Amino acid sequence: MARKRLSKVQLGILKTVVFAVCLLPISLIILDAVNNLLGADPIQTLHFRTGDWTIRFLLITLTMTPLQRMFGSSLPIRFRRMLGLFTFFYASMHLLVWLVLDQSLNIDNMLEDVPESPYIILGLLAYSMLLALAVTSTIGMMRRMGSSWFTLHKLIYLIAVMGVVHFFWLTKLDYSEPVIYAVLLVVLLAFRWNVIKEFFVAKVKVA
Amino acid sequence: MIIKKPALISENDVTPRADFDNSRALISASRRKFLLQSSTAMLAGGLAPSTLWAGNKIEGVKKSPLSIDVPTTPYEYVTTYNNFYEFGTAKGDPAVNAHLLKTKPWSVTVEGEVGKPGVYDLEDILKRQQLEERIYRLRCVEAWSMVVPWVGFSLANLIKQMEPTSKAKYVEFTTLYDPEQMPGQKSRSLKWPYTEGLRMDEAMNPLTLMATGLYGEEMPNQNGAPLRLIVPWKYGFKSIKSIVKIRLMEHMPKTTWNESVGREYGFYANVNPQVPHPRWSQSRERVIGAPLFTPKRDTEMFNGYGEQVASLYKGMDLKRFF
Chain A
932 MARKRLSKVQ LGILKTVVFA VCLLPISLII LDAVNNLLGA DPIQTLHFRT GDWTIRFLLI
992 TLTMTPLQRM FGSSLPIRFR RMLGLFTFFY ASMHLLVWLV LDQSLNIDNM LEDVPESPYI
1052 ILGLLAYSML LALAVTSTIG MMRRMGSSWF TLHKLIYLIA VMGVVHFFWL TKLDYSEPVI
1112 YAVLLVVLLA FRWNVIKEFF VAKVKVA
Chain B
60 MIIKKPALIS ENDVTPRADF DNSRALISAS RRKFLLQSST AMLAGGLAPS TLWAGNKIEG
120 VKKSPLSIDV PTTPYEYVTT YNNFYEFGTA KGDPAVNAHL LKTKPWSVTV EGEVGKPGVY
180 DLEDILKRQQ LEERIYRLRC VEAWSMVVPW VGFSLANLIK QMEPTSKAKY VEFTTLYDPE
240 QMPGQKSRSL KWPYTEGLRM DEAMNPLTLM ATGLYGEEMP NQNGAPLRLI VPWKYGFKSI
300 KSIVKIRLME HMPKTTWNES VGREYGFYAN VNPQVPHPRW SQSRERVIGA PLFTPKRDTE
360 MFNGYGEQVA SLYKGMDLKR FF
């Protein structure tokens, strides 16, 4: 079956559309915040909405490679970096909600809260890894880092697991939402079983 | 009968929500508009109006000196942000589902170490109580708080009328179990029915309230109608809702959250900023209804009721007995 490749212009248009769609969640969140529609517990609402979108974008990002394999088209891969950076964007919003609204940028409060809240420690760790991936996401960095770029960016699997555990860890009793994300993640990771296995085997050999 | 249909002119001076809404600066005009719209939308979605806005005024309520003098949380938030897993685990679930609960008639079984066991009609119980308005801060174990003008009576009075025996050392409370009226009970999120308990001296403390209403009106179902406990120095989950049974016991009763996750939720559950929950800090709380950029509130020892209750726990290791 012959597949038509998209022209540069077509791809550009498509990328712009996807970009705009990715901005929809944050637009709706800001709109609700401005109009006082965040409900009784606005800080919690913002935590949940930015956190939900972080994990959703992460899972969508991880869907691109399986899509490519299933349909034999390289098109999904062309969106992978953008989606990955949106994951980072929503994670940054999530962190910002915590820093500015939850902690009021008060360092003393943070130093007290963080050691008492294991899920926050995990979230901060995952975010710092995501930051490293975002910083090294440019074509220039990719070229400079060579094969180590691919090794570094395999961290996304670990980050995804940490994100889901972060969600489980802060949940009180009703695990239905994190379970959904966990199941989706397991399916997406199953596609990479060989890669993950090789990664760990290689590490063990090095050690 | 104490509970009546709304009177045209009210003579009591209990915090009415209309008054409150008009005077409060915290709630902006736009937010009020939204609440109006959202409530209209919810009503259009098939909600019985009486569920969300109970609306029936309670007459003959006295003000209590035990009230704290701070602005109360808007009625709309008090009645739409609820932890009442019998109606679902999301905060908005109870306001949507609680219309399924039938609160009239309602009877309460009194049993155990009492001189006067029996099944009492709630109306008969209320006939013998002086209802008071008490404005208390409610601190949830999830690190948020609200201030609610409850209507109710001292549990101590009720217990005295039950004539406790010398063996009565604890009080156990049980919520209604009826999955048809409480659809959340169809899920096994917790072991039903919900039970809670207090030590006798905690139950007899003047602060401990049996509440039948809020904002001068009959208790909305989602807030635990028709009869619930309020123990203001303990985390909210101790304040059991829709009570059908009170049992006086010699031994410490089993309590639902403690049975479910004992590592995280103790029998005492006193508000204590120094003892974190195993997974989060308890040193500060989000104030429900506060504007977005309001810093969190420092949680007070015993939720600010230390003067009245600290002596109950003298010599106890509160880290161990959390």
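Protein chains in written order, with this note's numbering: chain A, 932 to 1138; chain B, 60 to 381. Ideal Cβ positions, reconstructed from N, Cα and C, are used throughout, including at glycine. Small disclaimer: the values here were computed from a predicted structure and weren't measured.
*Can you list the residues of chain B that Asp983 of chain A reaches, using a CB-CB cut of under 9 Å?*
Under the 9 Å cutoff, chain B gives no residues; its nearest Cβ is about 14 Å from Asp983 of chain A.
*asked:* Using C-beta distances below 6 Å, list every residue in its chain close to Phe1098 of chain A, excluding the 5 sequence neighbours before and after it, in chain order.
replied: Here the set comprises Pro1109.
*Which residues of chain A have a Cβ atom closer than 7 Å to the Cβ of Glu201 of chain B, listed in chain order?*
The contacting residues are Lys1103.
*asked:* Once the 5 residues before and after Leu993 of chain A are set aside, which same chain residues still bring their CB inside 6 Å of it?
replied: So the list reads Leu1119, once near-sequence residues are dropped.
*Does the separation of the CB atoms of Val1095 of chain A and Leu1116 of chain A fall below 7 Å?*
Yes, they are a contact pair.
*Taking a cut of 9 Å between CB atoms, which residues from the segment 339-369 of chain B lie near chain A?*
Per Cβ criterion, the list reads Trp339, Ser340, Gln341, Ser342, Arg343, Arg345, Ile347, Gly348, Ala349, Pro350, Leu351, Phe352, Thr353, Pro354, Lys355.
*With 16 other CB atoms within 10 Å as the buried threshold, where does Gly943 of chain A fall?*
Exposed is the label assigned to Gly943 of chain A, since fewer than 16 other Cβ atoms lie within 10 Å of its Cβ.
*Flag Tyr140 of chain B as yes if its beta-carbon sits less than 7 Å from any beta-carbon of chain A, otherwise no.*
True, the Cβ-Cβ gap to chain A drops below 7 Å.
*Grab the span of the beta strand (DSSP E) containing Met259 of chain B for me, first residue to last.*
Per DSSP, Met259 of chain B belongs to no beta strand (DSSP E); it is in the alpha helix (DSSP H), 259-263.
*Show which residues of chain A have a CB atom less than 8 Å away from the CB atom of Ser248 of chain B.*
Those are Leu1104, Asp1105, listed as they occur along chain A.
*My guess is that Ile960 of chain A and Arg980 of chain A are in contact by the Cβ rule of under 8 Å, so how many angstroms apart are they, rounded?*
The Cβ separation is near 5 Å, so the contact holds.
*Straight-line CA distance for Ala107 of chain B to Pro279 of chain B?*
Confidence at Ala107 of chain B is low in this model, with a pLDDT of 41, below 50, so the placement of that residue should be treated as unreliable; the coordinate-derived value is given next. CA-to-CA, the gap between Ala107 of chain B and Pro279 of chain B works out to about 11 Å.
*Coarse secondary structure for Pro141 of chain B, derived from DSSP in three states*: Here the sequence assigns Asn to residue 141 of chain B, which means Pro is not the residue at that position. Looking at Asn141 of chain B - three-state DSSP - the assignment turns out to be coil, as it is neither helix nor strand.
*asked:* Measuring only the C-alpha atoms, how far is Lys92 of chain B from Pro337 of chain B?
replied: Note that Lys92 of chain B scores 41 on pLDDT, short of 50, meaning its location in the model is unreliable; the coordinates nonetheless yield the value given after this. Taken atom to atom, the span from the alpha-carbon of Lys92 of chain B to that of Pro337 of chain B is near 40 Å.
*asked:* Looking at chain A, is there any beta carbon in it that lies within less than 7 Å of the beta carbon of Pro279 of chain B?
replied: At a cut-off of 7 Å between beta carbons, Pro279 of chain B makes no contact with chain A.
_I want to see whether chain A comes within less than 7 Å of Thr148 of chain B, judged by CB atoms only; does it?_
Interface residue, yes.
*Classification of Tyr372 of chain B by the beta-carbon crowding that lies within 10 angstroms, buried from 16 upward*: By the beta-carbon neighbour count (other beta carbons within 10 angstroms, threshold 16), Tyr372 of chain B is buried.
*Do you know whose CA, among B:Tyr294, B:Ile305, B:Leu307, lies nearest Asn317 of chain B's CA?*
Looking at the Cα atoms, B:Tyr294 is the closest of the given residues.
_chain B residues whose Cβ lies nearer than 9 Å to that of Tyr1050 of chain A_ = Listed along chain B, the residues sitting closer than 9 Å to Tyr1050 of chain A by beta-carbon distance are Arg338, Trp339.
*Between the CA atoms of Lys245 of chain B and Pro238 of chain B - distance to the nearest angstrom*: For Pro238 of chain B and Lys245 of chain B, the distance between alpha carbons rounds to 6 Å.
*When you compare each of B:Glu231, B:Pro252, B:Thr271 to Met259 of chain B by their alpha carbons, which one comes out closest?*
Per the Cα distances, B:Glu231.
_Between the CA atoms of Met1073 of chain A and Thr1067 of chain A - distance to the nearest angstrom_ = Taking the straight line from one Cα to the other gives about 7 Å.
*Do you know how far the Cα of Ser1079 of chain A is from the Cα of Lys1128 of chain A?*
The straight-line gap separating the alpha-carbon atoms of Lys1128 of chain A and Ser1079 of chain A is approximately 17 Å.
*Between Met1060 of chain A and Leu1086 of chain A, is the Cβ-Cβ spacing less than 7 Å?*
Yes, the pair counts as a contact, with Cβ atoms nearer than the cut-off.
*asked:* Below 8 Å, how does it come out for the segment 266-282 of chain B and the segment 201-208 of chain B: are there three or more Cβ pairs, yes or no?
replied: The segment 266-282 of chain B vs the segment 201-208 of chain B: in contact.
_Taking a contact to mean a Cβ-Cβ separation below 7 Å, would you say Leu288 of chain B touches Ile299 of chain B in this structure?_
Cβ atoms of Leu288 of chain B and Ile299 of chain B: closer than 7 Å.
*Does the Cβ of Ser301 of chain B have 16 or more other Cβ atoms within 10 Å, making it buried, or fewer, making it exposed?*
Ser301 of chain B is buried by the Cβ-count criterion.
*For Val173 of chain B, which residues from the same chain have a beta carbon less than 8 Å from its beta carbon, with the 5 sequence-adjacent residues on both sides left out?*
Correct list, in chain order: Met221, Glu222, Pro223, Thr224, Ala227, Leu307.
*asked:* Tell me which residue opens and which closes the beta strand (DSSP E) that Met1013 of chain A is part of.
replied: Note, Met1013 of chain A: premise wrong, no beta strand (DSSP E); alpha helix (DSSP H) at 1011-1027.
*How about Glu1043 of chain A: is its C-beta nearer than 7 Å to some C-beta of chain B?*
Answer yes: the Cβ-Cβ gap between Glu1043 of chain A and chain B drops below 7 Å somewhere.
_Own chain, CB closer than 6 Å to Leu1026 of chain A, minus 5 neighbours either side, in chain order_ = Take Leu1026 of chain A, set aside five residues on each side of it, and the residues of its chain with a beta-carbon closer than 6 Å to its own are Tyr1058, in chain order.
*In terms of residue numbering, what span does the alpha helix (DSSP H) encompassing Ala154 of chain B cover?*
Unbroken alpha helix (DSSP H) run through Ala154 of chain B: 152-156.
*Taking C-alpha atoms, which residue in B:Trp292, B:Gln281, B:Thr234 lies nearest to Thr314 of chain B?*
When C-alpha distances from Thr314 of chain B are compared across B:Trp292, B:Gln281, B:Thr234, the shortest belongs to B:Thr234.
*Measure from the C-beta of Ile1127 of chain A to each C-beta in chain B and report whether the shortest distance is under 7 Å.*
With its beta carbon at least 7 Å from every one in chain B, Ile1127 of chain A lies outside the interface.
_Just list the residues that DSSP pairs Asn331 of chain B with in beta bridges._
Partner residues in a beta bridge of Asn331 of chain B, as assigned by DSSP, do not exist.
*Could you please give me the residues that DSSP links to Asp180 of chain B through a beta bridge?*
Paired residue(s): B:Ser166.
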